[in-house]
Ligand code: 13P
Ligand code: SF4
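Numbering (my numbering), first residue to last: 24 to 390.
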């Protein structure tokens, strides 16, 4: 459903993005040696300012293990002309010591359109790396672990979306970015947790298919007059939180602020004081007064990453880790830079329709 302008503007880019690279990324960029990972005095000195950023989360005794990776990743990313994009759920040593850009899914997608470097290393999950590739068909996009998936993304296929369209003719399809390029290619427009209501409201239809996250869709349905149809996908991390569990915390301390991600069940969102994307949660936490207690109902690495920005706020973080996000580690990021792996590619026929769905979201004007 591309407009004439979109089709014309994208034709040139699509041509360039169409041909799969004949050579591997390592062949194109050339080899470099795996560096010696000894914790030398020089490395200790060079990484001391970075350790300052994470000293509340990484014991001093552990730093000699991380420091050589941090040092060599920062050196090699310059040699390789690479930029590191990291999601808010990455571990503190990745988030604070080696990444160039951090953010939620929407911020990372927007930033991906602005980078100058030739190589993008995506520290996040596979759908995020695919989004970067869709927006940068000419650049080399690497993910340190190809198996870093997402339960939402895996819950639906392109064929499922085609069946949904057959069952609901004429109903526009809004797809969460937590999906594969194959699913995005069947979509009218993408959304993230930070703009989903705005995206739904922008469509000229009283009924909207909002897929694949059932809970996100149900949470949106409470904020719009439109009829929202959905799918049975769930985030395996956020579906674990229950309202009863949160009410127990509130009973123990009535002043506690509960902030939740909209991938949580609607009954969880109901008891939260604030619900928003990971970036929205960070902003909300930063706005609390020193001495406030904030219960973070999301992936628990995020609290460690934002403690510095939300000074004086005490975070309570019932620990639910995303096993996919946690596949990304410093050793794997270093291997990405040394061996130029793992390269993210998208089938040529999916490039154009999937990219348009993402670009329509990015180009949507703020309210
Ligand atoms: P955000 O867009 O809010 O960062 O969410 C991404 C995600 O995967 C949450 O589980
Ligand atoms: Fe997917 Fe949930 Fe992990 Fe986010 S936290 S990447 S939605 S499984």
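No residue lacks a Cβ here, since even glycine has one placed at the ideal position from N, Cα and C. Since the model is a prediction, treat every value here as computed from it, not as a measurement.
Element boundaries [alpha helix (DSSP H), containing residue i]
i, result
"residue 150", "149-158"
"residue 372", "371-386"
"residue 207", "204-207"
"residue 248", "Unbroken run through residue 248: none, as it is neither H nor E."
"residue 181", "181-190"
Three-state class that DSSP yields for residue i in the structure shown
i, result
"residue 145", "strand"
"residue 111", "coil"
"residue 70", "helix"
"residue 36", "Low confidence applies to residue 36: its pLDDT is 41, below 50, so where it sits in the model is not reliable, and the reading given next is rough at best. Of the three classes helix, strand and coil, the one that applies to residue 36 here is helix, per DSSP."
Proximity test, residue i beta-carbon vs the ligand 13P heavy atom, cut-off 7 Å
i, result
"residue 286", "yes"
"residue 201", "yes"
"residue 110", "yes"
"residue 127", "yes"
"residue 63", "no"
Proximity test, residue i beta-carbon vs the ligand SF4 heavy atom, cut-off 7 Å
i, result
"residue 294", "no"
"residue 175", "yes"
"residue 386", "no"
"residue 259", "yes"
"residue 323", "no"
"residue 206", "no"
Residue range of the beta strand (DSSP E) that includes residue i
i, result
"residue 283", "280-283"
"residue 232", "230-234"
Bridge partner(s) assigned by DSSP for residue i
i, result
"residue 62", "Note: residue 62 sits in no beta bridge, so no partner."
"residue 164", "143"
"residue 338", "317"
"residue 105", "142"
"residue 124", "108"
"residue 199", "214"
"residue 298", "283"
Cα-Cα separation between residue i and residue j, rounded to whole angstroms
i, j, result
"residue 382", "residue 322", "27 Å"
"residue 288", "residue 373", "32 Å"
"residue 350", "residue 68", "29 Å"
"residue 274", "residue 113", "31 Å"
"residue 133", "residue 314", "34 Å"
"residue 150", "residue 168", "12 Å"
"residue 100", "residue 240", "39 Å"
"residue 346", "residue 155", "21 Å"
"residue 175", "residue 123", "27 Å"
Residue i at chain D interface by Cβ criterion, 8 Å
i, result
"residue 329", "The displayed structure is made up of one protein chain only, and chain D is not part of it."
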